[in-house]
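Data block below; observations after.
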Amino acid sequence: MQLYTTKWMELSTHTKNILGLQLPTDPRWVDLASISIEAILTDHAYCEQKAALTCISYIQRYSDKDLLVDSLAPIVTEEWGHFRMVVQELRKRGHSLGKQRRDEYVNCLIAFQKKGGRIEDRFLDQMLTMALIEARSCERFKRLSEGLEDEYLRNFYRKFMESEAGHYTLFINLADHYMDKQ
Ligand SMILES: [Fe+2]
Ligand SMILES: [Fe+2]
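Note that our numbering has the sequence shown beginning at 193, numbered continuously upward.
Written out as structure tokens, the structure reads:
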């Protein structure tokens with residue numbers, strides 16, 4: 193099964209709008225975000241770093257799942273490439289990477305995951321949590337790609353939006369592939 197092929201343009205209109213997210217980000221969020229592009233870039237850089245680290249940890253944890261290993265290995269490279277791109281943007285603007293902030297959204301999602309029980313159930317929770325995180329990133333990047341005044345940054349975020357949409361699909365497909373369907 194070829195997983196990592198879904199392009200943004202191939203998604204349905206419903207999926208393109210919100211990727212199944214129940215609560216859309218308020219469009220006015222972009223106005224707040226644009227007040228400090230430095231803070232947005234710093235938070236974004238750490239999101240990319242965590243995405244790469246999480247994929248590495250799943251490769252270690254689920255080393256017997258060949259499809260997962262083969263699918264996530266290139267995503268590690270891609271997410272780390274994203275991290276480097278965002279750090280480069282900070283540098284261009286004369287900023288350091290800055291300190292990592294607590295990510296309440298991700299922490300709450302992780303707290304919601306199953307603890308104990310069957311490893312298959314935990315696996316499903318982990319894949320779906322990653323899909324949700326990717327979906328939210330994609331949606332936020334869409335807002336930035338549409339709402340920022342700077343054309344360069346709008347294009348910059350459009351590329352990330354397309355990439356994270358593909359990751360959302362990948363994690364859904366991995367959950368589906370390995371899910372116990374009995
Ligand atoms: Fe990314
Ligand atoms: Fe991603």
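Don't be surprised by glycine CBs; every beta carbon is placed ideally from N, CA and C.
Give me the Cβ distance between Phe-275 and Gln-241, rounded to the nearest whole Å; I'm assuming they're in contact under 8 angstroms.
Translated into the one-based positions of the sequence shown, residue 275 becomes position 83. Translated into the one-based positions of the sequence shown, residue 241 becomes position 49. Confirmed, Cβ separation roughly 5 angstroms.
I need the residues with a C-beta less than 6 angstroms from some heavy atom of ligand 2; please give them in chain order.
Residues with a Cβ closer than 6 angstroms to any heavy atom of ligand 2, in chain order: Ala-243, Glu-271, Glu-326, Glu-356, His-359.
Please name the residue in Leu-366, Glu-338, Ser-228, Cys-239 whose C-alpha comes closest to that of Asp-218.
Here residue 218 refers to the residue found at position 26 when the sequence shown is read from its first residue. Nearest C-alpha to Asp-218: Glu-338.
Give me the residue from Ala-225, Arg-220, Pro-216, Ile-232 with the minimum Cα distance to His-287.
The residue you call residue 287 lines up with position 95 of the sequence shown. Cα-wise, what sits closest to His-287 is Ile-232.
Given this structure, state the Cα-to-Cα distance separating Asp-262 from Leu-366, to the nearest angstrom.
As a first step, residue 262 must be located in the sequence shown, where it is residue number 70. As a first step, residue 366 must be located in the sequence shown, where it is residue number 174. Distance between the alpha carbons of Asp-262 and Leu-366: 11 angstroms.
Note down, in chain order, each residue of its chain lying with its Cβ closer than 7 angstroms to the Cβ of Trp-272, except the 5 sequence neighbours on either side.
Counting from 1 along the sequence shown, the entry for residue 272 is found at position 80. So the list reads Ala-244, once near-sequence residues are dropped.
Are the CB atoms of Ala-327 and Tyr-370 nearer to each other than 7 angstroms?
In the sequence shown, counting from the first residue as 1, residue 327 sits at position 135. In the sequence shown, counting from the first residue as 1, residue 370 sits at position 178. Between Ala-327 and Tyr-370, the CB-CB gap reaches or exceeds 7 angstroms.
How about His-274: is its Cβ closer than 6 angstroms to a heavy atom in ligand 1?
Locating residue 274 in the sequence shown gives position 82, counting from the first residue. The answer is yes for His-274.
With hydrogens ignored, establish whether the beta-carbon of Glu-240 is closer than 6 angstroms to any heavy atom of ligand 1.
Locating residue 240 in the sequence shown gives position 48, where the first residue counts as 1. The answer is yes for Glu-240.
Extract the residue ranges of the alpha helix (DSSP H) inside the segment 290-367, only unbroken runs of 4 or more that lie entirely within it.
296-303, 311-339
Tell me which residues share the same chain as Ile-248 and place their Cβ nearer than 7 angstroms to its Cβ, disregarding the 5 neighbours each side in the sequence.
Taking the first residue of the sequence shown as position 1, residue 248 is located at position 56. Excluding residues within five positions, the ones whose Cβ falls inside 7 angstroms are Val-268.
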